[in-house]
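Novice: Handing you a structure now.
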Amino acid sequence: MKAQHYTGLIDRYRSVLPLAPDCKVISLCEGDTPLIQCHNIQQLNEKNIKLYLKFEGLNPTGSFKDRGMTVAVTQAVSEGSQAIICASTGNTSASAAAYAARAGIKAFVLIPDGKIAMGKLAQAMMHGAIILQIRGNFDDGMRLVKEVASEAPVNIVNSINPYRLQGQKTASYEIVESLGRAPDFHCIPVGNAGNISAHWTGYSELAASSGKNVTEACGFCNGDCQFVSEPQIALRPKMLGYQAAGAAPFIKGSMIDKPDTVATAIRIGHPQSWDFAHAAVRESGGWFNSFTDDEILATQKLLASTEGVFCEPASATSVTGALHDVKVGNIPEGSSVVCTLTGHGLKDPDIAIKQSTAEMITIDAELESVKRAILDSI
Ligand code: AN7
């Protein structure tokens, strides 16, 4: 039998990525994340909705950022760069730090003072990034990064770097390969708006090869796909972009100066991919919506306690939106839906423990006490 060792998304999707053939690939075997179908949420079962969780929290640094970072850092290194820089609400800094370590170059990360989740800070520190905590928010950091990159020898690895979006588009390829077609709806949390734009790019590239099946179109799946000769638009999902109510410029219709939400990953008021995200939603026939912190946290808990999937608060925004739109009928009965879970729940243990109502019983270290605790709880 031929061994099949997965070596990361650049090796797998090389033919659709704009990298030089001889570049040295900087990879941590990112991508190839599971698409987990929900089984236990009653509301979905009653309406015959197939809802799949694309669990991007299972990437090497625990978020979807790794998909973009492998391509951006590979390109930076091939251009001879010795240092990368980003502003971050946490996950980009963790990913940049890890890939810079792997590449043997420096990472500078600008993070909002006191507003990033502990797990993410721990990652940036362990991977040896130079951490600049700014007295300001993500949007201030983003502005500074853009300014300094024109005056110092550093490559920006925020999603304004087009190589980031190229890497992130591969999630759409994986979804189409797994399902044999695009879902009817794709739900995704929106912060800086890079990921929704990247996904739309991926789906659009596949749709542009309409009339072929996925195997012919991109050559990555095993040939079982039913991705044949449907009208082009049917090959792309409606893109649904969901935000936290306190950080929802796409709902307001203009930028926000003081965004605030418990979902610190998406605490962003000046999204960089503003036009691109609007185009994705408009062209796909989708929409934006926003949800309160309480609703987002309730969904995070629901997924963890009923499906066994622990994502971070920002990620739960996608499922919050999906459940809402199923309930009000915007997503019709019988639809297939993919929700991106952008980051792992372990990134932000503080929020998880704070909202948990799990019972903790302290007992003596002896058999009778354990037995009594079990019998009392069954
Ligand atoms: C878990 O790390 O912007 O709309 O600096 O970490 O592509 O910005 C994080 C964004 C959703 C939003 N979910 O994605 C950063 C950063 C999680 C995230 C988003 C982020 P975009």
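Under this note's numbering, the very last position in the sequence shown is 1753; numbers go up by exactly one each time.
Heads up, the beta-carbon is just placed ideally off N, CA and C, and yes, glycines get one too.
Which of the three DSSP states is assigned to P1487 in this structure?
Specialist: Three-state result, P1487: strand.
Novice: Between F1483 and the rest of its own chain, which residues show a CB-CB distance below 6 Å, the 5 nearest in sequence each way excluded?
Specialist: Same-chain partners within the cutoff: I1460 and I1505.
Novice: State buried or exposed for E1552, treating a residue as buried only when at least 16 other CB atoms are found within 10 Å of its CB.
Specialist: Burial call: buried.
Novice: Does the structure place the stretch 1497–1511 close enough to the stretch 1522–1533 that three or more beta carbon pairs sit under 8 Å?
Specialist: No: fewer than three Cβ pairs fall under 8 Å.
Novice: To the nearest angstrom, how far is it from the Cα of Y1381 to the Cα of P1396?
Specialist: Computed Cα separation, rounded: 19 Å.
Novice: Please name the residue in D1407, Q1412 and R1387 whose C-alpha comes closest to that of V1713.
Specialist: Comparing Cα positions, the closest option is Q1412.
Novice: Is G1718 near the ligand AN7, with its Cβ less than 7 Å from a heavy atom?
Specialist: It does: the Cβ of G1718 is within 7 Å (strictly closer) of some heavy atom of the ligand AN7.
Novice: Using 10 angstroms around the beta-carbon of A1583, count the other beta-carbons present and answer buried if the total reaches 16, otherwise exposed.
Specialist: When all chains shown are included, A1583 counts as exposed.
Novice: Please return the same chain residues whose Cβ sits closer than 6 Å to the Cβ of R1518, not counting the five positions on each side in sequence.
Specialist: Correct list: empty, nothing qualifies.
Novice: Apart from the five residues just before and just after G1516, which ones in its own chain have a Cβ nearer than 6 Å to its Cβ?
Specialist: Cβ within range, chain order: A1462, L1485 and I1509.
Novice: Compare the Cα-Cα distances from F1625 to each of G1577, T1636 and V1565 and report the closest residue.
Specialist: Among G1577, T1636 and V1565, the Cα nearest to that of F1625 belongs to V1565.
Novice: Flag I1643 as yes when its Cβ comes closer than 7 Å to any non-hydrogen atom of the ligand AN7, and as no otherwise.
Specialist: Yes, the beta carbon of I1643 sits closer than 7 Å to at least one heavy atom of the ligand AN7.
Novice: Do the CB positions of I1416 and T1681 come within less than 8 Å of each other?
Specialist: Cβ distance < 8 Å, so I1416 and T1681 count as in contact.
Novice: Tell me whether P1564 sits in a helix, a strand or coil according to DSSP, three-state version.
Specialist: Strand, per DSSP.
Novice: Is the beta carbon of D1723 closer than 8 Å to that of E1670?
Specialist: No, these two residues do not count as a Cβ contact at 8 Å.
Novice: Can you look up Y1578 in the DSSP assignment and give me helix, strand or coil?
Specialist: Here Y1578 sits in helix by DSSP.
Novice: Taking all protein chains shown into account, do 16 or more other C-beta atoms lie within 10 angstroms of the C-beta of S1604, making it buried, or fewer, making it exposed?
Specialist: Residue placement at S1604 cannot be trusted, given a pLDDT of 44 that sits under 50; what the coordinates show is reported in the next sentence. The residue in question, S1604, is exposed, as its Cβ has fewer than 16 Cβ neighbours within 10 Å.
Novice: Could you check if C1398 is buried or exposed, using at least 16 other CB atoms within 10 Å of its CB as the buried criterion?
Specialist: Its Cβ having fewer than 16 others within 10 Å, C1398 is exposed.
Novice: Give the single residue among N1420, G1406, A1689 and E1741 whose Cα lies nearest to the Cα of E1549.
Specialist: Measuring from the Cα of E1549, the nearest candidate turns out to be G1406.
Novice: On the three-state DSSP scale, how would you describe I1550?
Specialist: Helix.
Novice: Tell me the DSSP secondary structure of D1386 in three-state form.
Specialist: In this structure, D1386 counts as helix in the three-state DSSP scheme.
Novice: Pull up the DSSP beta-bridge partners for Y1617, would you.
Specialist: DSSP, once it has assigned bridges, lists P1564 and N1664 as partnering Y1617.
Novice: Quick check: is any heavy atom of the ligand AN7 less than 7 Å from the C-beta of E1405?
Specialist: Every heavy atom of the ligand AN7 is 7 Å or more from the Cβ of E1405, so no.
Novice: Give the range of the beta strand (DSSP E) segment to which I1459 is assigned.
Specialist: Counting along the chain, the beta strand (DSSP E) containing I1459 begins and ends at A1458 to A1462.
Novice: If you follow the alpha helix (DSSP H) that Y1538 is in, where does it begin and where does it stop?
Specialist: P1537 to Q1543 is the span of the alpha helix (DSSP H), which, as asked, contains Y1538.
Novice: Taking all protein chains shown into account, do 16 or more other C-beta atoms lie within 10 angstroms of the C-beta of A1727, making it buried, or fewer, making it exposed?
Specialist: Buried, by the Cβ-count rule.
Novice: Within its chain, find whatever has a CB closer than 6 Å to the CB of I1631; leave out the 5 residues flanking it on each side and keep chain order.
Specialist: Excluding residues within five positions, the ones whose Cβ falls inside 6 Å are P1624 and G1644.
Novice: Kindly examine the ligand AN7 and report whether one of its heavy atoms sits closer than 7 Å to the Cβ of F1430.
Specialist: Outside the cutoff, so no.
Novice: If you scan the stretch 1683–1749 from start to end, which runs of the beta strand (DSSP E) of 3 or more residues do you find wholly inside it?
Specialist: The qualifying runs are 1711–1716.
Novice: CA-CA distance, T1545 and L1698?
Specialist: C-alpha separation (whole angstroms): 25 Å.
Novice: Counting pairs of Cβ atoms below 8 Å between the stretch 1715–1722 and the stretch 1428–1446, do you hit three or more?
Specialist: Yes: the two stretches touch, three or more of their Cβ pairs being nearer than 8 Å.
Novice: For R1539, is the classification buried or exposed, using 16 other Cβ atoms within 10 angstroms of its Cβ as the cut-off for buried?
Specialist: That one is buried.
Novice: Thinking just about the alpha-carbon of each residue, which of A1679, A1691 and D1700 is nearest to the one in T1732?
Specialist: Residue A1679 is the option with its Cα nearest to T1732.
Novice: For L1410, does the three-state DSSP call read helix, strand or coil?
Specialist: Reduced to three states, the DSSP call for L1410 is strand.
Novice: Under the criterion of a Cβ to heavy atom distance below 7 Å, does V1760 qualify as lining the ligand AN7?
Specialist: Residue numbering for the chain in the displayed model covers 1376 to 1753; residue 1760 lies beyond these limits and cannot be assessed.
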